[in-house]
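Written out below as structure tokens is the structure these notes cover.
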Amino acid sequence: DALRQGGAQIDYLEQENYPPLRIRGGFRGGKLTVDGSVSSQFLTALLMTAPLAEQDTEIQIQGELVSKPYIDITLHLMQAFGVDVVHENYQIFHIKGGQTYHSPGTYLVEGDASSASYFLAAAAIKGGTVRVTGIGKKSVQGDTKFADVLEKMGAKISWGDDYIECSRGELQGIDMDMNHIPDAAMTIATTALFADSPTVIRNIYNWRVKETDRLSAMATELRKVGAEVEEGQDYIRVVPPAQLIAAEIGTYN
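Quick note on numbering: the sequence shown equals residues 1041 to 1293 in the working numbering.
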């Protein structure tokens, strides 16, 4: 819909809203609206396209923008490659048309902070010390805040410019809004099994609109290993079991 607002001609060749489709006419810019409550990926795509449009582009966000740290990554990269974007508190974005991306010459691609969460959580649960390199206190990725959540739970965290280190502590349950780290928050849901009190993860409605309903899937699998789980529309509450139960865990898209 946003691409059509910007001048693209899009036709579904078979079933409406599903591939295959034909795109013609190019993207000219102008005033667009996009729903920010489902995923930040749509906005990222439009932001990266808009500087190449003929006209200036104004993107207005409908609803609460989820996963803002991912938009910060997009804006950081665009700036590094010579493109400017101005925004009004993440609700309206202004992008000049006719811009050109310029290579900075050398650019370091960081390690994936979401994937790093598994190794950090392993240390917080089992013991020993794990150091993950390629991300650190200067990282542009919002999912590095996962380490802050582990620290609130009782793990011992230390930071370097290009590393995060985690050691085990006595884990306790927490009650937090994790809208800013929706992917890494799933690792917190499993870490909660090893805490000494319940954990509540809030404002994660967008778990339900991924490739599968991740909130329902997480609740189902946690119950299999003995956890008491309360599943709300946009939250999950995990009460750790006195003893874990061996189980066959299902996988999902």
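Heads up, the beta-carbon is just placed ideally off N, CA and C, and yes, glycines get one too. All of these numbers come straight from a predicted model, not from anything done at the bench.
message = What residue range does the beta strand (DSSP E) around Leu1072 cover?
response = Its beta strand (DSSP E) spans residues Gly1070 to Asp1075.
ask   = If you drop the 5 nearest sequence neighbours on each side, which residues of the same chain put their C-beta closer than 8 angstroms to that of Glu1288?
value = Lys1264
Ala1093 beta carbon less than 8 angstroms from that of Gly1069 = yes
key: Helix, strand or coil at Lys1008 according to DSSP, with G and I counted as helix   = No statement about residue 1008 is possible, as the shown extent of the chain runs from 1041 to 1293 and does not include it.
inquiry  = Taking the alpha-carbon of Lys1185 as reference, which of Pro1222, Leu1211, Gln1212 and Ser1237 has the nearest alpha-carbon?
reply    = Pro1222
task = Excluding the 5 residues preceding and the 5 following Phe1159 in the sequence, name in chain order all residues of the same chain whose CB lies nearer than 7 angstroms to its CB.
result = Val1170 and Val1172
key: Contact belief for Ser1179 with Ala1153 at Cβ below 8 angstroms, rounded distance in angstroms   = Yes, Ser1179 and Ala1153 are in contact; Cβ-Cβ is about 7 angstroms, under 8 angstroms.
task = Output the residue ranges of the alpha helix (DSSP H) runs that lie fully inside the segment 1073–1152 and measure 4 residues or longer, sorted by chain position.
result = 1081–1089 and 1108–1120
ask   = Apart from the five residues on each side of it in sequence, which residues of its chain come closer than 6 angstroms, Cβ to Cβ, to Lys1136?
value = Asp1096
message = Which residues does DSSP list as the beta-bridge partners of Val1265?
response = DSSP, once it has assigned bridges, lists no residue as partnering Val1265.
message = Taking a contact to mean a Cβ-Cβ separation below 8 angstroms, would you say Thr1084 touches Tyr1110 in this structure?
response = In terms of Cβ geometry, Thr1084 and Tyr1110 form a close pair [threshold 8 angstroms].
key: Residue range of the beta strand (DSSP E) that includes Arg1064   = Leu1061 to Arg1064
inquiry  = Taking 6 angstroms as the limit between beta carbons, can you name the residues of its chain near Lys1071, skipping five residues before and five after?
reply    = Beyond the five residues adjoining it in sequence on each side, Lys1071 comes within less than 6 angstroms, by CB distance, of Glu1098 in the same chain, given in chain order.
message = Is there a Cβ of chain B sitting closer than 8 angstroms to that of Ile1204, yes or no?
response = In the structure shown, chain B does not exist; there is a single protein chain.
request  = With a threshold of 16 other CB atoms inside 10 Å of the CB of Gly1103, please say whether the residue is buried or exposed.
outcome  = Label assigned to Gly1103: exposed.
request  = Compute the distance between the beta-carbons of Gly1209 and Ala1195, then report whether it is under 8 angstroms.
outcome  = yes
request  = Can you say whether Thr1140 is buried or exposed, counting buried as having 16 or more other CB atoms within 10 angstroms of its CB?
outcome  = exposed
key: Sequence-distant residues of its chain with Cβ nearer than 8 angstroms to Ile1244 (five each side left out)   = Met1218, Asn1219, Pro1222, Ala1225, Leu1255, Asp1274, Tyr1275 and Ile1276
task = Check the DSSP bridge columns for Glu1271 and list the partner residues they point to.
result = According to DSSP, Glu1271 bridges with Ile1276.
request  = For the alpha helix (DSSP H) holding Met1226, just list the boundary residues, first then last.
outcome  = Pro1222 to Thr1231
query = With C-beta atoms as the reference, is Val1249 less than 8 angstroms away from Val1074?
reply = no
ask   = Under 8 angstroms between the Cβ atoms of Val1125 and Leu1087?
value = yes
task = Taking Lys1166 as the reference, give the member of Leu1211, Pro1281, Ile1050 and Gly1151 with the closest Cα.
result = Leu1211
message = For Ile1175, tell me which candidate among Asp1201, Asp1188 and Met1193 has the shortest Cα-Cα distance.
response = Asp1201
ask   = Gly1272 and Thr1239: beta carbons closer than 8 angstroms?
value = no
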